[in-house]
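These protein sequence lines map, in sequence, to chains H and A. Numbering-wise (UniProt numbering), the first sequence opens with residue 1 and increments by one. Numbering-wise (UniProt numbering), the second sequence opens with residue 1 and increments by one.
2 protein chains.
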Amino acid sequence: MAPSIDELSVSTIRGLSVDAVNAAQSGHPGAPLGLAPAAHAVWRKMRFNPSDPKWFNRDRFVLSNGHACALLYSLLVLYKYELTVEDLKQFRQLHSKTPGHPERLDTPGVEVTTGPLGQGISNAVGMAIAQKQFAATYNKPDFPISDSKVFCFLGDGCLMEGVSSEASSLAGHLQLDNLIAFWDDNRISIDGDTACAFTENVPERYKAYGWHILEVQDANTDIQAISDAVDEALKIKNKPVLIRLVTTIGYGSLAQGTHGVHGAPLKADDLKQLKRSWGFDENSNFYIPNEVSDYFAEKVESNKKEQQAWEKLFSEYKEKYPKEGAEVQRRLEGKFPEGWKDNIPSFTAKDKAIATRKLSEGVLDYLYGVIPELIGGSADLTGSNLTRPEASTDFQPPSTGLGNYSGRYIRYGVREHGMGAIMNGIDTFGAHYRTYGGTFLNFVSYAAGALRLSALSHQGVIWVATHDSIGLGEDGPTHQPIETLAHFRAIPNLSVWRPADGNEVSAAYIAAIEGTDHPSVLALTRQNLPQLEHSSIENALKGGYSIWPAEKPDLIIVSSGSEVSTSIDAAKLLAEKKVSVAVVSIVDFFTFDKQPLEYRLKLLPDGVPILSVEVLSTFGWSKYSHEQFGLNRFGASGKAADLFKFFEFTPEGIAKRAEKTIEFYKGKKVLSPLHSAFEELK
Amino acid sequence: MAPSIDELSVSTIRGLSVDAVNAAQSGHPGAPLGLAPAAHAVWRKMRFNPSDPKWFNRDRFVLSNGHACALLYSLLVLYKYELTVEDLKQFRQLHSKTPGHPERLDTPGVEVTTGPLGQGISNAVGMAIAQKQFAATYNKPDFPISDSKVFCFLGDGCLMEGVSSEASSLAGHLQLDNLIAFWDDNRISIDGDTACAFTENVPERYKAYGWHILEVQDANTDIQAISDAVDEALKIKNKPVLIRLVTTIGYGSLAQGTHGVHGAPLKADDLKQLKRSWGFDENSNFYIPNEVSDYFAEKVESNKKEQQAWEKLFSEYKEKYPKEGAEVQRRLEGKFPEGWKDNIPSFTAKDKAIATRKLSEGVLDYLYGVIPELIGGSADLTGSNLTRPEASTDFQPPSTGLGNYSGRYIRYGVREHGMGAIMNGIDTFGAHYRTYGGTFLNFVSYAAGALRLSALSHQGVIWVATHDSIGLGEDGPTHQPIETLAHFRAIPNLSVWRPADGNEVSAAYIAAIEGTDHPSVLALTRQNLPQLEHSSIENALKGGYSIWPAEKPDLIIVSSGSEVSTSIDAAKLLAEKKVSVAVVSIVDFFTFDKQPLEYRLKLLPDGVPILSVEVLSTFGWSKYSHEQFGLNRFGASGKAADLFKFFEFTPEGIAKRAEKTIEFYKGKKVLSPLHSAFEELK
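Quick look at the structure:
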């Protein structure tokens, strides 16, 4: 019997995938072979437009098991996204559009960067939250301008990672019925049979999370059953759906069902027998039957009509609801509301001392009112992070009685990593969402995996990271960050703001909100800080500036956050001894490094010794200073004041080190550490 | 009716806990009030000896909800560990023995440092693994020299964290029936009612993991029911047990059942009414009724007899099984097998080029044979990390047919964070376990929360972190570490070895295995590296040494790992131009920084410009160099050779930068970056 067009399509997808891996002699053929029928069936149901891959009301597809990317690329080629067979031939080669894991910046049609396991499914939860929130905010009777779904493939590895547990538990709580996940139950991971480490009952676990479970017993061949399952999933209300796909890794390969087929190219013989089994010429390569091309093209035509219908609907919407229509239009164009930052809080030295977390609360209260696309939350530290705008409603299923889906405040629970990955999903959904999440600075580290991906894939999420030093006091060293800022400052494309007062907090928020192509961490104090005489929003936006000028300084102190005011006090102490000390506030390394060298050298010039002062690890501060005063040990439990005193982060402690630095460098010629011998090569 | 002695004991525990929080005017009274009956009931069942808190066959108690530490400290005081009411009065004060979260180094009787949520329960899984492995290895018929249990309290926060999901899933798979966990189901977290973010069915989830579930419906008062549940749990075979304790946070307080009682001291009136309700004088403070003291002392006496019986048993064991007995004795004394490192692999420049991950495999094969307390595994990357000694057996429940409990190779599954926390548990169990876990370097970051605790609490676990740079090639930027080493090097008390060849790999292992008081990360290559002419184990153990000497060098290159040989090749290129370049291999910052300044200054002296070369973030390298060549951007997917060429990490690319550095510093007086103006204050 001749294969059906769907069977032929699946064979074509399988063929392109294994040929790509074979061309690269590197990659993962196993999952594409097993998942091709599911991918085909799901994409037949999806709304998308390859010539407008960012169409707002498209369905989103997330490949959480990103190593299976040959599968996704094959689909993108067949559907004629901006990706061709030539690109497949460059699979995993430098500068190709088909990198070894899906990268959202490299390949049109890739929604989100995946590969690190557990992230994609958690991103998908974020996308589903964003869609729900958008729909609840803007949809009107007869005007469902947003009703897209999120489809996500994931493997055993994703299910084992804790980040996916966090996000999946929250997805169940939030009753996200716009999310359909497909578990590739192939019983194989890199170490071999999942029997060796992963014998839990996944469907029961997801049921416990509040998900609806469906199963397809033969997802290797039964395209119709997969298709039916999707139809059924789309009908489920108030629950995300997990569809268990029983598959065989490397289906059809001589090595099927073994981990040998997971991450290594197939042998030449195996490729040949596979192609024969599909009815292809055994020597064919990247073969696309014409009827398959046509079949995929038809689907695209039908999808395009759906987009046209949506455009019409949206156009009518804008007429009938001009206010909302204009707002949606603005958001889809990626523009900010006019004048949004005009009235952001600013301060003078006469204003009272306030903790920067409290100042942050004031800014969030303000931003909430002027930026409707601002949506945030906290990992169960709302009262400590002060992240909940007074006027906000919780994002909750209405049936809970605790909020509704148009709410813009998310109760993440104690799930920092999940929160980070969900924020990436919200950010990637589109509609210009600006999203933030609160936790203690030290526990942003739990989310390192997600934060790194935000930076890599240019997602402008914002971490409101309070309790940023030993200044948090009694909770002790398990809660006191030491290495944390060094870690984050070393991540490319990440802003790490540590504001010293109210104006600097406002600047940090302006930069973070405007920084749609990079994540930002805002490190904020638990304790009060004074408003500084020379601070300004405008200067702070440069990432570093003179916060305490001095004529012909004997020493320059570079500092950040809570240590800036103490450093200024040290400068005042030393002034009494006729020692001239200037203080530079480095609010964000990333932004400061972008300033012209001339500007930076004016602040940190040749000929003056520079001392850095920050009550965290000194690691990295030598790029701005000759000497470093910091905390290269873990903190301690005690009253904040006692801790600062014990570690000598007092005006006297700083002054003592300042004097020793001046003494040491007396008569020595010092060069500014800003110089680079090969700047042009960087 | 007069309260029973158990009720009186519970009131006493509650009283001490709230008085401690009140004295500090800081801390968490809610959980201790709710959990005191459970803590009391469990400790009545436990074997332990306050005057020998490290007795090997004691039962272990882990407070995963570490913020409830006032509860634990109260028990330790009542059982007369080295902790008194005076210490309770110093709760959360600087340098006290009663810090804000339990710290294993500060307080006798605290098994493990907790506070960061989700860690303790995962540590408990590690302890249970260690106990099982020890028992299976050494117990003999009629000689159960190890039969201790692990009891762990945890709260909703711990259950929400992904790390606990990872560890709990593995615990179910491993059928750890020596682990009994108690869930404080008080329905309150910091954000308020758990209804706002945590509505999953926890018992069903744990059932899905393979745990046995028990419930106590009134754990506020029903001490007997808790006690019965423990008895029942102790009878369960082949499953860890989760006992759900339905409690009221802040039980008895006027604010009971609200998050107001979670993290703030009780009001004076509330304290008074509580004490009256217990039948105490309302003005009493840190009150311990004599009959309670006696009751606890009796338990200790009975426990001491158990220890004496065990000592007798062990003594007979040593007679009957002298070989095993001597080995156990040695391990309990914390000594290494004699001559264990005598035959560790060493290399000469004539040996062939090998990837350091492969060299690591050779060392592990060797160590497996000579150190019976070595137990390791991988987070589902065994074939890539090369972490499985050839002779090893998997640590598995015998019923799986995949191994047995005396196995020393753990299949962690894709659970890096869980693995990190489990390793801490294995390490803390005692019996001198030396434990390692493998994953890609980039994914050690998933476990940042656990790694930081290893460093803080001096746990000598070892990360075998392979694929340590863009040298991993095609998997691309999601898998290529950039900031990772900067992050780890900034963590106090952590060794980060990045060996350049075989001798340096052996040195790294010697240091890591001997480093029982600090964790170690071993960053290893996927790609082959040549054996270096001037490398030696002895020198590498200093953390940094001259790997390519040069007379009167014009420039010194400091480098690590895979870039050392390329830097030497650059030096050779430059020698042809009569430019003299020395190369220093910095194998581990932590170890190098401990060397005498004199030694370090000999390597990095005044008067010579220094260039660092490492294909990762340059962040932090300025502490050893004037100029830095690194990768301050994310990597790319492509063949490793193409990537190194594109980023110019070639002899030519390094030589170019070396020449520019020499040119820039010509005529300028350079100081060694090792100088410190206030070393004595550090």
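Every residue, glycine too, gets a C-beta built ideally from N, C-alpha and C. These numbers come from a predicted model, not from an experiment.
Report the residue from the options whose alpha carbon sits nearest the alpha carbon of residue i.
i	options	result
S148/A	L254/A, F48/A, E533/A, Q308/A	F48/A
L671/A	S617/H, P609/H, M419/H, L214/H	P609/H
I288/A	S567/A, S17/A, G667/A	S17/A
Y209/A	W183/A, Q175/A, A197/A	Q175/A
residue 696/H	A448/A, D554/A, K207/A, E474/A	Because chain H is modelled from 1 through 682, residue 696/H falls outside the range shown and cannot be assessed.
E311/H	P596/H, D52/H, F182/H	D52/H
A640/A	T516/A, S562/A, G420/A	S562/A
A658/A	F647/H, K666/H, G667/H, E679/H	E679/H
S406/A	H432/A, A421/A, E373/A, G418/A	E373/A
H518/A	W497/A, G369/A, S535/A	W497/A
L402/A	C152/H, T199/H, A68/H, L63/H	T199/H
Apply the 10 Å Cβ neighbour rule to residue i and answer buried if 16 or more other Cβ atoms are within range, or exposed otherwise.
i	result
L604/A	buried
P673/H	buried
S315/A	exposed
S302/H	exposed
residue 692/H	This structure gives no information on residue 692/H, because the portion of chain H shown stretches from 1 to 682.
P32/A	buried
E474/A	buried
residue 683/H	Residue 683/H lies beyond the stretch modelled for chain H, which goes from 1 to 682, so this question has no answer here.
Q527/H	buried
Q217/H	exposed
L322/H	Per the sequence presented here, residue 322/H reads as Pro, with Leu not at that position. It is exposed - the Cβ of P322/H has fewer than 16 other Cβ atoms within 10 Å.
From which residue to which residue does the beta strand (DSSP E) around residue i run?
i	result
G377/H	374 to 378
G438/A	434 to 440
R600/H	First-last for R600/H: 597 to 603, but that is the alpha helix (DSSP H), not the beta strand (DSSP E).
L386/A	Premise fails: L386/A is in no beta strand (DSSP E) and is neither H nor E.
G473/H	That residue, G473/H, is in no beta strand (DSSP E); it is neither H nor E in DSSP.
From what residue to what residue does the alpha helix (DSSP H) around residue i run?
i	result
Q175/H	Run containing Q175/H: none; DSSP gives neither H nor E here.
G157/H	156 to 160
G339/A	Note, G339/A: premise wrong, no alpha helix (DSSP H); not H, not E.
W463/A	Careful: W463/A lies outside any alpha helix (DSSP H), inside the beta strand (DSSP E) at 462 to 466.
A195/A	That residue, A195/A, is in no alpha helix (DSSP H); it is neither H nor E in DSSP.
A507/H	502 to 514
Look at residue i and residue j and say whether their C-beta atoms are less than 8 Å apart.
i	j	result
G162/A	E166/H	yes
G115/H	G66/H	yes
R452/A	F619/H	no
L573/A	E652/A	yes
I354/A	G471/A	no
L494/A	T466/A	no
D19/A	F296/A	no
V587/H	E504/H	yes
V564/A	V581/A	no
Measuring only from the beta carbon, is residue i closer than 7 Å to any heavy atom that is part of the ligand PLP?
i	result
V370/H	Absence of the ligand PLP is noted for the structure shown, with no ligands found whatsoever.
Against residue i, what residues of chain H qualify as contacts under a CB-to-CB distance less than 7 Å, listed in chain order?
i	result
F673/A	The residue you asked about is not Phe; residue 673/A is Pro in the sequence shown. Here the neighbours are S622.
D87/A	What D87/A touches in chain H: nothing, since even the nearest Cβ is about 13 Å away.
Listing by chain order, which chain A residues have their CB less than 8 Å from the CB of residue i?
i	result
H267/H	Just to set this straight, residue 267/H is Lys in the shown sequence, not His. The contacting residues do not exist; K267/H stays about 18 Å from chain A at best.
In chain H, what lies closer than 9 Å to residue i by C-beta?
i	result
F646/A	L94, H95
For residue i, go through chain A and note every residue whose CB falls closer than 7 Å to its CB, in chain order.
i	result
P141/H	What P141/H touches in chain A: nothing, since even the nearest Cβ is about 30 Å away.
Y73/H	What Y73/H touches in chain A: nothing, since even the nearest Cβ is about 12 Å away.
For residue i, go through chain H and note every residue whose CB falls closer than 8 Å to its CB, in chain order.
i	result
T113/A	T478
S169/A	M160, F198, E200
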